[in-house]
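Count the sequence shown with the numbering used here and you get residues 101 to 391, in order.
Have a look at the structure below before the remarks.
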Amino acid sequence: MSGIRPLVRGFPDLGRTRVMGVVNVTPDSFSDGGRHADTPGAVRHGLRLLEAGADLLDVGGESTRPGASRVPPEEELRRVLPVVVALVAHGAVVSVDTMRAACAAAAVEAGAVLVNDVSAGLADPRMLPTVAEAGVAYVAMHSRGASIDMQDRASYDDVAADVRHELLGRRDAALAAGIDPQLLVLDPGLGFAKDAGHNWTLLAALSELAALGSPLIVGASRKRFLGQLLASPEGAPRPPEGRDAATAAVTVLAAQAGVWAVRVHEVGASADAVRVVAACSAARVPAGAGS
Ligand code: PMM
101 MSGIRPLVRG
111 FPDLGRTRVM
121 GVVNVTPDSF
131 SDGGRHADTP
141 GAVRHGLRLL
151 EAGADLLDVG
161 GESTRPGASR
171 VPPEEELRRV
181 LPVVVALVAH
191 GAVVSVDTMR
201 AACAAAAVEA
211 GAVLVNDVSA
221 GLADPRMLPT
231 VAEAGVAYVA
241 MHSRGASIDM
251 QDRASYDDVA
261 ADVRHELLGR
271 RDAALAAGID
281 PQLLVLDPGL
291 GFAKDAGHNW
301 TLLAALSELA
311 ALGSPLIVGA
321 SRKRFLGQLL
331 ASPEGAPRPP
341 EGRDAATAAV
351 TVLAAQAGVW
361 AVRVHEVGAS
371 ADAVRVVAAC
381 SAARVPAGAG
391 S
């Protein structure tokens with residue numbers, strides 16, 4: 101494993117990639133929309149993910165699937181906040197998946213310790229200063245514009261180089277706003293303004309992204325490119341609930357590249373996978389040994 105498993109300050113070193121379980125409190129997310137849309141259902145789901153081995157839980161109230169429209173701010177807060185409060189009370193390490201500074205601030209006030217922003221600060225000019233002031237960890241994910249039409253901007257000269265360059269721009273903005281570099285995590289944003297080929301190229305280039313020196317998070321879970329890979333002989337994409345084994349395979353690739361965390365819907369297989377990769381990497385025979 102490469103040497104990019106740095107601590108994000110405030111998170112103890114587990115000696116392995118950590119597993120972030122997804123708690124979508126939404127009626128319309130592509131993979132689990134509507135399944136845990138009310139507070140008790142979402143909290144129960146979060147507790148099940150913890151039992152299955154999640155290291156942290158990512159609570160979101162706004163679907164970002166391609167084509168999704170924005171949810172009003174008050175509705176996002178209404179969905180997210182009670183779930184954050186309840187999961188924090190159960191001792192969970194909670195992240196909030198939001199593009200809005202006000203939602204991030206309220207979630208942090210309620211005990212969230214990480215803000216996961218798929219717009220990397222571009223959707224709300226208050227986001228970066230708010231996170232800097234809160235002093236919590238921040239995920240800056242690569243995307244291009246709002247979900248409603250982001251796939252129109254899935255055009256790159258060299259996707260790995262372009263995403264790296266654009267992420268560096270967001271890292272500069274985050275640092276300029278006062279976010280502690282030790283609290284900053286980058287994410288290539290699989291599926292966000294990217295087609296399947298772009299996603300595979302980015303997965304193949306994770307080590308180059310890691311060379312930027314910031315911890316990484318990867319979210320491949322149940323995404324469309326996996327459904328396309330696993331399509332039926334007639335060409336029908338495999339539905340989201342049939343993509344968990346492929347998701348766990350991506351977890352292995354990501355853990356081997358040394359990423360800080362993977363963001364997944366089904367936690368058990370990925371929790372096992374990151375331990376397998378860590379055990380194997382700890383057992384690696386030093387170069388030259390036995391010769
Ligand atoms: N993907 C989704 C939502 N939030 N956050 C990060 N950091 N990375 C991702 O890849 C990501 C994300 C979309 O998936 P969902 O609708 O199933 O949550």
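Yeah, the Cβ is synthetic: ideal placement off N, Cα and C, and Gly gets one too.
**Message:** Which residue marks the beginning of the beta strand (DSSP E) containing D138, and which one marks its end?
**Reply:** Against the sequence shown, residue 138 aligns to sequence position 38. Run containing D138: none; DSSP gives neither H nor E here.
**Asked** Considering only residues of the same chain and omitting the five flanking positions on each side of S219, which have a CB-CB separation below 7 Å?
**Response** Your numbering for residue 219 matches position 119 in the sequence shown. These residues qualify, in order along the chain: M199, S243.
**Prompt:** Taking Y238 as the reference, which of G141, L353, A383, D158 has the closest Cα?
**Reply:** Indexing the sequence shown from 1 puts residue 238 at position 138. If we check each option's Cα against that of Y238, D158 comes out closest.
**Contact set for V318: own chain, Cβ-Cβ below 6 Å, skip 5 residues either direction** = The residue labelled residue 318 in the question sits at position 218 within the sequence shown. So the list reads A354, V359, V362, once near-sequence residues are dropped.
**Message:** Let me check you understand the geometry: is the CB of K294 closer than 8 Å to at least one non-hydrogen atom of ligand 1?
**Reply:** In the sequence shown, the residue the question calls residue 294 occupies position 194. No, since every heavy atom of ligand 1 falls outside the 8 Å radius drawn around the Cβ of K294.
**Item:** Spatial distance of I104 from P340 (CA atoms)
**Value:** Within the sequence shown, residue 104 is the residue found at index 4, counting from 1. Within the sequence shown, residue 340 is the residue found at index 240, counting from 1. With a pLDDT of 47 at I104, under the threshold of 50, the modelled position of this residue cannot be trusted; read the value that follows with caution. Looking at the two C-alpha atoms, the distance is approximately 31 Å.
**Asked** Beta carbon of V122: closer than 8 Å to some heavy atom of ligand 1?
**Response** Mapped onto the sequence shown, residue 122 falls at position 22. Residue side-chain check: V122 places its Cβ nearer than 8 Å to a non-hydrogen atom of ligand 1.
**Request:** Identify whether I279 lies in helix, strand or coil by the three-state DSSP scheme.
**Result:** In the sequence shown, counting from the first residue as 1, residue 279 sits at position 179. Coil.
**Asked** How many Å lie between S163 and R384 at the Cα?
**Response** If you number the sequence shown from 1, residue 163 lands on position 63. If you number the sequence shown from 1, residue 384 lands on position 284. Roughly 41 Å separates the two Cα atoms.
**Asked** Can you tell me the Cα-Cα spacing of A346 and E366, whole angstroms?
**Response** In the sequence shown, the residue the question calls residue 346 occupies position 246. In the sequence shown, the residue the question calls residue 366 occupies position 266. Whole-angstrom Cα-Cα distance: 11 Å.
**Request:** Pick out whichever of P315, R343, R179 has its Cα sitting closest to the Cα of Q328.
**Result:** Numbered from its first residue, the sequence shown carries residue 328 at position 228. Among P315, R343, R179, the Cα nearest to that of Q328 is on R343.
**Request:** Reducing DSSP to helix, strand and coil, say where L405 ends up.
**Result:** In the structure as shown, the chain starts at 101 and stops at 391, and residue 405 therefore has no counterpart that could be examined.
**Request:** For G146, I'd like the list of residues in its chain whose CB is within less than 6 Å of its CB, leaving aside the five on either flank, ordered along the chain.
**Result:** By 1-based counting over the sequence shown, the position of residue 146 is 46. Only V123, L157, L187 meet the Cβ criterion.
**Item:** DSSP beta-bridge partners of V194
**Value:** Numbered from 1 along the sequence shown, position 94 holds the residue referred to as residue 194. Answer by DSSP bridge pairing, in chain order: L157.
**Prompt:** Whose C-beta lies closer than 8 Å to the C-beta of L312 among residues of the same chain, with five residues either side of it excluded?
**Reply:** Numbered from its first residue, the sequence shown carries residue 312 at position 212. Taken in chain order, the residues that qualify are R264, L267, L268, R271, L286.
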